Amino acid sequence: MDHHDHSGPKAGADRRGFLKCMGGWAGAGALYSVSGGVMSSIGLDQAIGAPAKAASFTFLQVSDSHVGFNKPANPDAAATYKEAVGKILALPKKPDFIIHTGDITQLSKDQEFDDADQIIKATRLPVFHVPGEHDMLDEGQGKAYLGRFGKGTQGQGWYSFDHKGVHFVGLINVANLKPGGMGSLGGDQLEWLERDLAHRPASQPIVVFAHIPLWTVYADWGWGTDDAAQALSYLKRFGSVTVLNGHIHQITQKVEGNVAFHTARSTAFPQPVGGQGPSPGPLKVPTEQLHSMLGITTASVVHGKHDIALVDDTLA
Amino acid sequence: MPKLPAARSPLAMHLALALTFGFMPAALLPVLAAAAAPASAPVTVKIDNFVFGPAAITVAPGTTVTWVNEDDIPHNIVADDKSFRSKVLDTDEKFSFTFTKPGEYGYFCGLHPHMTGKVIVKAG
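Residue numbers (the numbering used here), protein chains in the order written: chain A, 15 to 330; chain B, 40 to 163.
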């Protein structure tokens, strides 16, 4: 595959840039219209007898960077986000792109969004975002986020795209939250998801990403999504589904049928295991321990294999 | 925390107009009520460890309730019926609202909706 230079001022760090870049070799429209799963360049590789391995790739998940956070649990969340970028640049295999599963900022301030953008841009990789509840705190309750990352998305910012045969779906479960509830997808988004998945072959690997876990990790702390079961019902028929979430600042995993659930570490501060602390607030650990509780996740997709392998690395 | 406007501010003029025409936007209610004679001592609700404390309070009409966030994580205050909504409260920030009409007002944190509380407003 032809690698374009991602170093342009916009192209390095946003989804638009990625589409523009991808458009150079695959046709931007193909990203959205291909439903058979295999993009044209891969089809060509296969036609000339390249090994199936040629289509394998990696992508990264980073989460909960909370740029702007400066409390005792981590006096400089921007600095540890930069360290995560250093880790990404040092990876032996260059990932195709990064998924950020939300809480980019601490308080949705313009300066925080700008700083976060500058930091991640240093990876020179396309970044796909979904917002966390911390990214919805502007006066417009998410308008600032949408202004930056919403182009080409639906509703409060949900979208999907295909990459090398894998279908990726970014969902929003931090908008219009209900009293006493947990995360929420809402009827409009669920309808869109059903349509988005309807005509895809069950053999296509699916990656769904959203901020709050799409399964109930710990209800008393709101660590779940009220209407996730509806979304998961649309995913049941697929042979390989990977669900990537953040929000809880620690790794949890669960496999249910063909669905593998995984939450990533934060790059900012850890949180306690559900119920094992007074609250889901930041967990204060000795400074020398902090980096071992922060991290990034690498996902390896091997063409022809159903499972997407996830490896979590710490910033230690 | 919302600041009371100076008498000459446009908001005050807006208020005067609202009074004249009997129209009271919900967002202006706390300012209005604070300007009128308060009916009882102000009440504070603390947000600590993702809990509103006390979670349920009973106050007389005209009481100003102030929420203060003592967590390291931001929260906000949203009425179940959306009749009031604070901006986001970072650590030690406050929000006040004056309850003028008797009734039961459920509220929650818009970021962490499992956090809920209730203000019961009744006379006497």
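Using N, Cα and C, we set each Cβ at its ideal position, and we do this for glycine too. Model, not experiment: these values are computed from the prediction.
N- and C-terminal bounds of the beta strand (DSSP E) containing B:Y146: G142 to F147
Chain C residues whose Cβ lies nearer than 7 Å to that of B:G163: Of the protein chains in this structure, namely A and B, none is chain C.
Stretch pair the stretch 258 to 270 of chain A + the stretch 110 to 117 of chain A: three plus CB contacts closer than 8 Å: yes
Host beta strand (DSSP E) of A:E270 (start-end): T266 to E270
Cβ separation of A:D240 and A:G201, assumed to be a contact under 8 Å, to the nearest whole Å: Rounded, the Cβ-Cβ distance is 12 Å, inconsistent with contact.
Buried versus exposed, by CB contacts within 10 Å (16 or more), A:E270: exposed
CB of A:N187 within 8 Å of CB of A:L199, strictly: yes
Counterpart residues of A:D327 in DSSP-defined beta bridges: A:I310
Short Cβ contact (8 Å threshold) for A:Q248 with A:L297: Looking at the sequence provided, one finds Tyr at residue 248 of chain A rather than Gln. No, they are not a contact pair.
Cβ of A:W6 within 8 Å of any chain B Cβ: This structure gives no information on residue 6 of chain A, because the portion of chain A shown stretches from 15 to 330.
Residues in the stretch 111 to 127 of chain B having any Cβ partner in chain A nearer than 7 Å: D111, I112, P113, D119 and V127
Pairwise C-alpha distance: B:V90 and B:E109: 10 Å
Three-state secondary structure assigned by DSSP to A:S238: The amino acid occupying residue 238 of chain A in the given sequence is Gly; Ser does not appear at that position. It is coil, neither helix nor strand.
Contacting residues, own chain, Cβ-Cβ under 7 Å from A:D152 (five flanking each side not counted): S122 and A158
Cβ-Cβ distance between A:F163 and A:H177 below 8 Å: no
A:W206: first and last residue of the uninterrupted alpha helix (DSSP H) it sits in: G201 to A212
9 Å Cβ cut-off: residues of chain B touching A:G195: F147, P152 and H153
C-beta neighbour in chain B for A:S293, strict 8 Å: yes
Beta strand (DSSP E) runs contained entirely in the stretch 143 to 207 of chain A, provided each spans 3 or more residues: 173 to 177 and 180 to 184
Proximity to A:Q168 [Cα-Cα], best of A:K107, A:K135 and A:R209: A:R209
Simplified DSSP assignment, three categories, for A:I118: coil
B:K161 to B:T139 span [Cα, whole Å]: 10 Å
C-beta atoms of B:A99 and B:I159 nearer than 8 Å: no
N-terminal and C-terminal residue of the beta strand (DSSP E) that A:D124 is part of: Where A:D124 is concerned, there is no enclosing beta strand (DSSP E), although the alpha helix (DSSP H) it sits in stretches over D124 to K135.
Simplified DSSP state of B:T97, which is helix, strand or coil: strand
For A:Y232, the residue or residues it bridges with in DSSP: A:W237
C-alpha gap between B:P81 and B:F134, whole angstroms: 12 Å
Element boundaries [beta strand (DSSP E), containing A:I220]: I220 to F223
Residues that DSSP places opposite A:I112 in a beta bridge: A:L74 and A:V141
DSSP state of A:S293 mapped onto helix, strand, coil: coil
Chain B contact residues for A:A87, given Cβ-Cβ distances below 9 Å: D111
Three-state secondary structure (DSSP) of A:A92: helix
Interface flag, B:F91 vs chain A, CB-CB below 8 Å: no
Distance between A:D326 and B:M154 (C-alpha atoms, nearest Å): 31 Å
Counted within 10 angstroms of its Cβ, other Cβ atoms place A:N88 as buried (16 or more) or exposed: buried
Alpha-carbon spacing of A:A216 relative to A:L308, whole angstroms: 35 Å
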